[in-house]
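S.K.:
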Amino acid sequence: MEKQFRRDQWKMLFVTMFCYLFFYTGRHNFGWAARGIATELGISFQQVGWISFAMLMGYAIGQLINGNLADRWSPKMMIVTGGGFSILCNLSISFANSYIAILVLWTLNGYFQSMAWGSGGKLIANWWNSSERGKAFGFYTMAAGSSSVLTFFMALILVQQEQSWRTLFRYPILFLAFALLIFLLVAYSSPVKKGYANQDEEVSPQKQNNWKKSYQQVFQNRNFMIASFAIGFQSMARYGLIFWVPIHFLGNNYKDSAGNMWLTLLIPIGMALGAVSFGYISDLLFNKNRSKSIATGMITSSFIAILIYCIPIHNHLLIGVLMFISGFVVYGPQANFWTLCPDLLGTKLVGTGIGVMNMFAYVFAAIGEPLFGKLIDYTGNTANIFLFVALICAICATIISFVKTNNPIINCNE
Numbered sequence: 005m006e007k008q009f010r011r012d013q014w015k016m017l018f019v020t021m022f023c024y025l026f027f028y029t030g031r032h033n034f035g036w037a038a039r040g041i042a043t044e045l046g047i048s049f050q051q052v053g054w055i056s057f058a059m060l061m062g063y064a065i066g067q068l069i070n071g072n073l074a075d076r077w078s079p080k081m082m083i084v085t086g087g088g089f090s091i092l093c094n095l096s097i098s099f100a101n102s103y104i105a106i107l108v109l110w111t112l113n114g115y116f117q118s119m120a121w122g123s124g125g126k127l128i129a130n131w132w133n134s135s136e137r138g139k140a141f142g143f144y145t146m147a148a149g150s151s152s153v154l155t156f157f158m159a160l161i162l163v164q165q166e167q168s169w170r171t172l173f174r175y176p177i178l179f180l181a182f183a184l185l186i187f188l189l190v191a192y193s194s195p196v197k198k199g200y201a202n203q204d205e206e207v208s209p210q211k212q213n214n215w216k217k218s219y220q221q222v223f224q225n226r227n228f229m230i231a232s233f234a235i236g237f238q239s240m241a242r243y244g245l246i247f248w249v250p251i252h253f254l255g256n257n258y259k260d261s262a263g264n265m266w267l268t269l270l271i272p273i274g275m276a277l278g279a280v281s282f283g284y285i286s287d288l289l290f291n292k293n294r295s296k297s298i299a300t301g302m303i304t305s306s307f308i309a310i311l312i313y314c315i316p317i318h319n320h321l322l323i324g325v326l327m328f329i330s331g332f333v334v335y336g337p338q339a340n341f342w343t344l345c346p347d348l349l350g351t352k353l354v355g356t357g358i359g360v361m362n363m364f365a366y367v368f369a370a371i372g373e374p375l376f377g378k379l380i381d382y383t384g385n386t387a388n389i390f391l392f393v394a395l396i397c398a399i400c401a402t403i404i405s406f407v408k409t410n411n412p413i414i415n416c417n418e
């Protein structure tokens, strides 16, 4: 029975990773379509930034709501429902012809996309105990980083084939539809659903807090709230790279910067490897001290961003290496942030905690989007993106240093 449970642990982790691997095909495709949308609709980059802002705010609001729902409803069905509606929003955008239509649909898409991350975290926390959670969440976060790689790769191919920006909202999401089907057939929300006895760290329905009590416990946890502010700046830096760096390397011609374009793929590759690596880094090098691990990554990110700003764009080899390192150290620490949720709150509140933390992440990222756009419009120099990223990373490192973590909590109120 123990061997079978171990196999099912990994099976649930991998099928959740597989599903989330394709979620960004319905979200990170926008950065590649941005220049085409701006050209066709005749709008400024600041207006494009407001579209991205709207999506991220939809995602943030959704996180606040859906994280708590994942603690009460089926995480599995939350993921499938959100993914299905996201596909519909993407398809609708591919036929839209107005700024307002795209703005509204992309906002709704943000909300539906938010139904997946916290739900997946809840499912994983149900299957993995605190001693191995750093590893499990590292793999889960790696799936998100790998999803960016996959989306960037698909977008690069479509752009090089001189496809319309509309195809970026049609073809990639076909893979998401397939992944959702596999997840629906294979995944179980908890060991109990698979027929195993109730695990020590899993909370029975009778002991479940009401929604108000859950939010109250989360927002009253000082260390958790400091960490939530810190992830806000980390997420702002991350989206500065994911959304605006493609515009920097595409140059003034939407379809004619092949050499530079492929450099951008190194960012999400670095992010994917950084995610799984920081799970081990925090456990082995920092003795499970997530705060020190995060601060180290973000300080390094700040220095790397300054180096990228100083180096000419035509130096492909050096820029490529720095892009990879930048992705690695900007996104990698996020795996440590998610592990802080069960560490600080316990498994009973992990869905709510991830939802609240991710809300902060995306509210801050949303605020950053029009600021990045305004910076480009005002200065006329897309390289200034990296100076802004450097500042943001330094702020994140400072804030997270105030978080104090003790022994992981197994369950609140016990």
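Read in our numbering, the sequence shown has 357 at position 353, and its numbers run on one by one without any break. Built from N, CA and C at the ideal position, the CB exists for glycine as well.
Would you mind sorting Arg226 into buried or exposed? The rule is 16 or more other CB atoms within 10 Å of its CB.
M.R.: Exposed is the call here.
S.K.: Would Ser48 pass as a contact of Ala370 if the rule is Cβ separation under 9 Å?
M.R.: For Ser48 and Ala370, no; Cβs fall outside 9 Å.
S.K.: If you draw a straight line from the alpha carbon of Val367 to that of Ala58, how long is it in whole angstroms?
M.R.: Taking the straight line joining both Cα atoms gives about 10 Å.
S.K.: Among Pro176, Phe290, Met16 and Ile251, whose alpha-carbon lies nearest the alpha-carbon of Asn385?
M.R.: Checking every option, the nearest Cα to that of Asn385 belongs to Ile251.
S.K.: In terms of residue numbering, what span does the alpha helix (DSSP H) encompassing Val325 cover?
M.R.: Element bounds for Val325: His320 to Tyr335.
S.K.: I'd like to know whether the C-beta atoms of Met61 and Val153 end up nearer to each other than 9 Å.
M.R.: Cβ distance not < 9 Å, so Met61 and Val153 don't count as in contact.
S.K.: In whole angstroms, give me the CA-to-CA distance for Thr85 and Gln221.
M.R.: So the alpha carbons of these two residues sit roughly 28 Å apart.
S.K.: Use the C-beta contact count for Ala105: other C-beta atoms within 10 angstroms, 16 or more gives buried, fewer gives exposed.
M.R.: Exposed is the call here.
S.K.: With distance defined between alpha-carbon atoms, name the residue in Ser305, Phe406, Ala234 and Leu311 nearest to Phe364.
M.R.: Of the candidates Ser305, Phe406, Ala234 and Leu311, the one whose C-alpha sits nearest the C-alpha of Phe364 is Ala234.
S.K.: Looking at C-beta atoms only, is the number of pairs between the stretch 77–93 and the stretch 315–325 that lie closer than 8 Å three or more?
M.R.: Output reads no: the stretch 315–325 does not touch the stretch 77–93.
S.K.: Report yes or no: do the stretch 31–48 and the stretch 349–359 share at least 3 C-beta pairs separated by less than 8 Å?
M.R.: No, the stretch 31–48 is not in contact with the stretch 349–359.
S.K.: Taking just the CA atoms, how far does Ala140 sit from Phe9?
M.R.: Using only the alpha carbons, I get a separation of about 15 Å.
S.K.: Closest by CA to Leu127, which one among Trp36, Asp75, Ile329 and Phe143?
M.R.: Minimum Cα distance to Leu127 is reached at Asp75.
S.K.: Counting pairs of beta carbons, one from the stretch 239–251 and one from the stretch 117–124, are three or more of them closer than 8 Å?
M.R.: As far as the Cβ criterion goes, the stretch 239–251 does not touch the stretch 117–124, which means the pair count is below three.
S.K.: Going by other Cβ atoms of all chains shown within 10 Å of its Cβ, with 16 needed for buried, is Trp121 buried or exposed?
M.R.: When all chains shown are included, Trp121 counts as buried.
S.K.: Please name the residue, chosen from Leu25, Asn72 and His32, that lies closest to Arg242 on a Cα-to-Cα basis.
M.R.: Checking every option, the nearest Cα to that of Arg242 belongs to His32.
S.K.: Could you tell me the boundaries of the alpha helix (DSSP H) in which Tyr192 lies?
M.R.: From DSSP, Tyr192 is part of no alpha helix (DSSP H); its letter is neither H nor E.
S.K.: Taking buried to mean at least 16 other C-beta atoms within 10 Å of its own C-beta, is Glu6 buried or exposed?
M.R.: It counts as exposed.
S.K.: If you count every other CB in all the chains shown that lies within 10 Å of the CB of Tyr382, and 16 or more means buried, which is it?
M.R.: Tyr382 comes out exposed.
S.K.: Which class does Ile47 belong to by DSSP, given the choice of helix, strand or coil?
M.R.: Looking at Ile47 - three-state DSSP - the assignment turns out to be coil, as it is neither helix nor strand.
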